[in-house]
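I have placed the structure first, in the form of structure tokens, so that the comments after it can refer back to it.
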Amino acid sequence: MATQRPSNGRAGPPAGPRRMTVLQATFIGVGSMVGAGIFALLGSAGAVAGAAVWLSFLIAGLIAALQGYSFAKLGSTYPSGGGILTYLSKGFGEGHVTAIGAWLFYTAGSIVTAMVAASFGGYTSEAFAGDSPAWATVFSVLLVVVMTGLNAVGSQAVARVQSVIVKVVLAILSVFAVVTIANADWGLLSFSGYPGLQQIIASVALTFFAFLGFGVVTFTARDLPDPRRQLPRALYLAVGIATAIYVAVSLGVFGTLTAEQVVEYGETAIAEAAKPVLGDFGFTLIVVTAIFSTMGAVNAGLYPSIGMTQHLASIGLFPTVFSRSAGRVPVGLLVMAGLTIIQLFLLDLNAIASLGSAVALIVFSAVTIAHFRVRRETGANLPVLIVALATTVVTFVVFCTTTLVQQPRTAIALVLIIALAAVLDLAWTGVRARRQRASA
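Put into structure tokens, the structure is as follows:
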């Protein structure tokens with residue numbers, strides 16, 4: 005059933021019980037951010053910024069906070085299960101720009117979720133099945149199925165499970181950070197060994213990848229009792245917690261290992277950094293953390309698909325089937341899960357690992373541009389919005405000139421997914437026009 009919009013033109017949150025707390029909404033964002041990214045990023049960021057990676061995370065966190073300000077103002081004015089895609093429609097109208105952005109966000113979201121699920125499969129297989137590729141795929145698919153079932157049960161179940169997962173991850177990473185920083189060799193973190201500002205800025209484009217999930221918090225508006233007040237709090241808390249964890253973990257790792265060792269160890273750098281103080285137990289503990297964090301990221305990755313597709317179907321930008329359910333499973337969630345599983349079998353996800361970064365930066369920039377058009381309604385500060393847009397665009401340009409240049413498959417995939425989004429929009433627009441003519 006389509007959600008009616010109030011007469012003032014603002015899309016209010018749908019009726020019904022909303023029992024998600026600010027902390028639970030925060031944990032959905034934190035769980036989406038603190039996924040496989042922190043494990044995969046340290047090596048690649050270290051190759052560019054050396055021991056100054058903690059500074060790159062801090063700058064990336066500030067950029068995310070600027071975007072968070074924009075999202076918070078929009079979310080408190082237009083609380084909706086459609087999240088940031090509602091904000092696009094408010095700024096650009098319910099036309100092609102919003103529709104293409106929506107299809108782009110939805111399809112890219114399934115790819116990113118598949119990437120995280122594949123990471124979960126790899127870690128779980130290594131821990132329990134001797135690093136078997138076949139078992140890794142089985143574990144990945146099983147996780148997607150389980151998390152789809154959890155999301156179908158309802159947002160309260162999602163929030164409770166996500167809270168448990170995030171608390172475990174934050175607890176272990178906090179212990180890791182405290183122990184490693186207390187025993188750090190501060191000579192390894194000396195400013196004299198840092199590269200130039202250009203290299204540090206270049207690494208920000210990589211570390212910003214770890215913050216992309218904060219946009220998921222905007223989709224919790226439909227489940228918050230008072231989204232106008234609570235959504236901004238959840239956004240700021242999520243970005244703040246993630247930034248603190250990233251900075252602390254990177255200080256601990258680069259205060260224990262040399263930058264060359266971090267680059268060499270790659271995804272296992274955190275586990276290797278735990279060994280000098282915690283021994284083999286520390287290595288195992290970090291592997292367990294990786295398993296939990298990827299679980300949380302998949303859960304959070306699937307979560308927006310319900311509110312997003314139902315909202316877009318209600319305003320005519322997505323096919324009406326997305327407003328329905330197959331049994332107890334909303335169609336939008338079912339399609340997202342299906343796309344994710346298919347990609348686990350068909351795509352070389354490592355070859356397009358940075359696709360999510362590119363798409364998110366494009367969508368975030370578009371949302372901020374849309375915000376300029378409704379700024380009088382939201383009451384947002386113009387200079388802050390300008391800085392938010394400028395930093396995001398600069399990050400995207402640096403990302404294109406560094407990461408995408410070195411990953412041609414990702415660049416090709418980005419072009420293809422934008423083209424696919426445009427084709428899907430044009431196809432549905434044609435179908436909708438024919439139906440309207442037939443019913444006239």
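Each residue of the sequence shown is one higher than the one before, counting from 5 in our numbering.
Just so you know, even glycine gets a beta-carbon here, dropped at the ideal spot from N, CA and C.
This structure is a prediction, so every number in the text was calculated from the model and none was measured.
Helix, strand or coil at residue i [DSSP, three-state]
| i | result |
| --- | --- |
| A188 | coil |
| P334 | strand |
| S329 | strand |
| E268 | helix |
| P412 | helix |
| D284 | helix |
| G217 | helix |
| V38 | coil |
| M459 | Because the chain in this structure spans residues 5 to 444, residue 459 falls outside the shown range and cannot be described. |
| L228 | coil |
| D352 | coil |
| N303 | helix |
| S136 | coil |
| Y198 | coil |
| E98 | coil |
| I155 | What sits at residue 155 in the sequence shown is Asn, not Ile. If DSSP states are grouped into helix, strand and coil, N155 belongs with the helices. |
| V446 | Because the chain in this structure spans residues 5 to 444, residue 446 falls outside the shown range and cannot be described. |
| V251 | helix |
| A103 | helix |
| Y110 | helix |
| F454 | A question about residue 454 goes unanswered here, because the residues of the chain that appear run from 5 up to 444. |
| L261 | coil |
| G125 | helix |
| P83 | coil |
| A384 | coil |
| A370 | helix |
| V149 | helix |
| A53 | helix |
| G16 | Per-residue confidence for G16 stands at a pLDDT of 43, beneath the threshold of 50, marking its modelled position as unreliable; the derived number appears in the next sentence. Of the three classes helix, strand and coil, the one that applies to G16 here is coil, per DSSP. |
| A357 | coil |
| V208 | helix |
Contacting residues, own chain, Cβ-Cβ under 8 Å from residue i (five flanking each side not counted)
| i | result |
| --- | --- |
| D189 | G259, T260 |
| V162 | I32, L154, N155, N303, Y307 |
| S329 | V335 |
| R379 | L386, L389 |
Distance between beta carbons of residue j and residue i, contact taken as under 8 Å
| i | j | result |
| --- | --- | --- |
| V165 | I32 | With 8 Å as the limit, V165 and I32 do not qualify as a contact, their Cβ atoms being about 10 Å apart. |
| L239 | G47 | Incorrect: roughly 29 Å between the Cβ atoms, too far for contact. |
| G79 | A242 | About 12 Å separates the two Cβ atoms, so there is no contact after all. |
| A341 | T111 | Not confirmed; about 13 Å, so no contact. |
| I67 | F212 | 6 Å |
| T298 | S167 | Actually they do not touch by this definition, with Cβ atoms about 17 Å apart. |
| G85 | A370 | That belief does not hold up - the Cβ atoms of G85 and A370 are roughly 19 Å apart, past 8 Å. |
| F296 | V173 | 5 Å |
| G95 | F223 | With a Cβ gap of about 18 Å, G95 and F223 do not count as contacting. |
| L210 | T407 | 7 Å |
| I88 | V367 | 7 Å |
Residue burial classification, residue i (beta-carbon count within 10 angstroms, cutoff 16)
| i | result |
| --- | --- |
| I390 | exposed |
| Q440 | exposed |
| T405 | exposed |
| G324 | The question names Gly, yet the displayed sequence has Thr at residue 324. Its Cβ having fewer than 16 others within 10 Å, T324 is exposed. |
| N155 | buried |
| K171 | exposed |
| P457 | No statement about residue 457 is possible, as the shown extent of the chain runs from 5 to 444 and does not include it. |
| A425 | buried |
| I169 | buried |
| D227 | buried |
| Q202 | exposed |
| G191 | exposed |
| I176 | buried |
| I346 | exposed |
| I416 | exposed |
| V409 | exposed |
| V52 | buried |
| G360 | buried |
| G286 | buried |
| A181 | buried |
| S443 | exposed |
Same chain only: Cβ atoms within 7 Å of residue i, ignoring 5 sequence neighbours per side
| i | result |
| --- | --- |
| G270 | G47 |
| G125 | A140, T141, F143, S144 |
| A277 | T184, G256, V257, T260, L261 |
| F464 | Outside the displayed span of the chain (5 to 444) sits residue 464, for which this structure offers no information. |
Other residues of its chain near residue i: CB distance less than 6 Å, five sequence neighbours each side excluded
| i | result |
| --- | --- |
| V251 | W58, F61, L62 |
| A355 | R413 |
| V183 | V281 |
| G1 | The chain is shown only over 5 to 444; residue 1 falls outside these bounds and no answer can be derived. |
| F322 | T313, L316 |
| T30 | A238, L241, A242 |
| L147 | A121, F124, V302 |
| A69 | V243 |
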